[in-house]
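Engineer: The structure is given below, and queries will be raised subsequently.
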Amino acid sequence: MTSRLTTGEPAPEFTLPDANGSEVSLSNYRGQRVIVYFYPKASTPGCTTQACDFRDNLAAFTAEGFAVLGISPDAPAALERFTNKQELTFPLLSDEDHKVAEAYGAWGEKKNYGKTYEGLIRSTVVVDADGKVELAQYNVRAKGHVAKLRRDLKLA
Numbered sequence: 001m002t003s004r005l006t007t008g009e010p011a012p013e014f015t016l017p018d019a020n021g022s023e024v025s026l027s028n029y030r031g032q033r034v035i036v037y038f039y040p041k042a043s044t045p046g047c048t049t050q051a052c053d054f055r056d057n058l059a060a061f062t063a064e065g066f067a068v069l070g071i072s073p074d075a076p077a078a079l080e081r082f083t084n085k086q087e088l089t090f091p092l093l094s095d096e097d098h099k100v101a102e103a104y105g106a107w108g109e110k111k112n113y114g115k116t117y118e119g120l121i122r123s124t125v126v127v128d129a130d131g132k133v134e135l136a137q138y139n140v141r142a143k144g145h146v147a148k149l150r151r152d153l154k155l156a
């Protein structure tokens, strides 16, 4: 089981391909607060709900100085289809070997219908402008998570 991040520690650096295959690094966002959210699979009902929630609230996050990055184990081609179909307006990144999810504590043991397996744990980490963890939330729900996150960050 990977250890979870705690407030104040440095956020693990990463560089991952986006839906177009372009590389995106966390360090590109230094000086800005970044919401990094991990979701299990593009184009599934819960992940679609969550991604559309972030899309619909993006202007409010941007106005408060936040960038949003979604990360899943999906290949860039699947992310491209998902982005286009849902008209997503923020980068989705491909973490096919789940190394970044592991570094962030978002990969581990899950239980579903009585089966135990390794998989992505729906999680959100807010990284401050200096690259440190401001907030880390694990096992979040897809529905209502963005509203809760806005409350937790004391955003209007």
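When the letters of the sequence shown are read in order and numbered with UniProt numbering, they come out as residues 1 to 156. Glycine included, every Cβ here is placed at the ideal spot set by N, Cα and C.
Given this structure, state the Cα-to-Cα distance separating Tyr117 from Asp97, to the nearest angstrom.
Structural biologist: Going from the Cα of Tyr117 to the Cα of Asp97 covers about 16 Å.
Engineer: Would the beta-carbon of Leu120 fall within 9 Å of that of Phe38?
Structural biologist: Against a cut-off of 9 Å, the Cβ pair of Phe38 and Leu120 comes out as a contact.
Engineer: Judging by CA-CA distance, which residue of Ser94, Val24 and Ala142 is the nearest neighbour of Ile71?
Structural biologist: Minimum Cα distance to Ile71 is reached at Ser94.
Engineer: Report yes if the C-beta distance between Trp86 and Ala51 is below 9 Å; otherwise report no.
Structural biologist: Here residue 86 is Gln; the residue named in the question, Trp, does not match the sequence. Yes, Cβ-Cβ distance for Gln86 and Ala51 is below 9 Å.
Engineer: Does any C-beta atom of chain B lie closer than 9 Å to the C-beta of Ile121?
Structural biologist: Protein chain content of the structure displayed is limited to a single chain, and chain B is not contained in it.
Engineer: What's the C-alpha gap between Lys154 and Thr6?
Structural biologist: Whole-angstrom Cα-Cα distance: 19 Å.
Engineer: In the DSSP assignment, what residue or residues form a beta bridge with Arg33?
Structural biologist: Looking at the DSSP assignment, Arg33 forms a beta bridge with Phe66.
Engineer: Tell me, which residues are paired with Glu80 by DSSP?
Structural biologist: BP columns for Glu80 are empty, so no partner.
Engineer: May I have a chain-ordered list of the beta strand (DSSP E) segments no shorter than 3 residues that lie completely inside the UniProt domain "Thioredoxin" (5–156)?
Structural biologist: Taking only runs of at least 3 residues, the beta strand (DSSP E) segments lying wholly in the UniProt domain "Thioredoxin" (5–156) are 15–17, 23–25, 33–38, 66–72, 92–94, 107–112, 115–120, 123–127 and 133–138.
Engineer: Can you have a look at Asp130 and say buried or exposed, based on whether 16 or more other CB atoms are within 10 angstroms of its CB?
Structural biologist: With fewer than 16 other Cβ atoms within 10 Å, it is exposed.
Engineer: Under 9 Å between the Cβ atoms of Arg33 and Ala67?
Structural biologist: Going by C-beta atoms, Arg33 is nearer than 9 Å to Ala67.
Engineer: Would you grab the beta carbon distance between Leu149 and Thr124 for me? Rounded to a whole angstrom, and I think it's under 8 Å.
Structural biologist: Confirmed, about 6 Å.
Engineer: Taking the Cβ atom as the reference point for each residue, do Ala4 and Gly105 lie within a distance shorter than 9 Å?
Structural biologist: The sequence as given places Arg at residue 4; Ala does not occur at that position. The answer is yes: Cβ separation under 9 Å.
Engineer: If you draw a straight line from the alpha carbon of Glu80 to that of Asn20, how long is it in whole angstroms?
Structural biologist: Computed Cα separation, rounded: 7 Å.
Engineer: Going straight from the alpha carbon of Cys47 to that of Ala75, what length do you get?
Structural biologist: Going from the Cα of Cys47 to the Cα of Ala75 covers about 15 Å.
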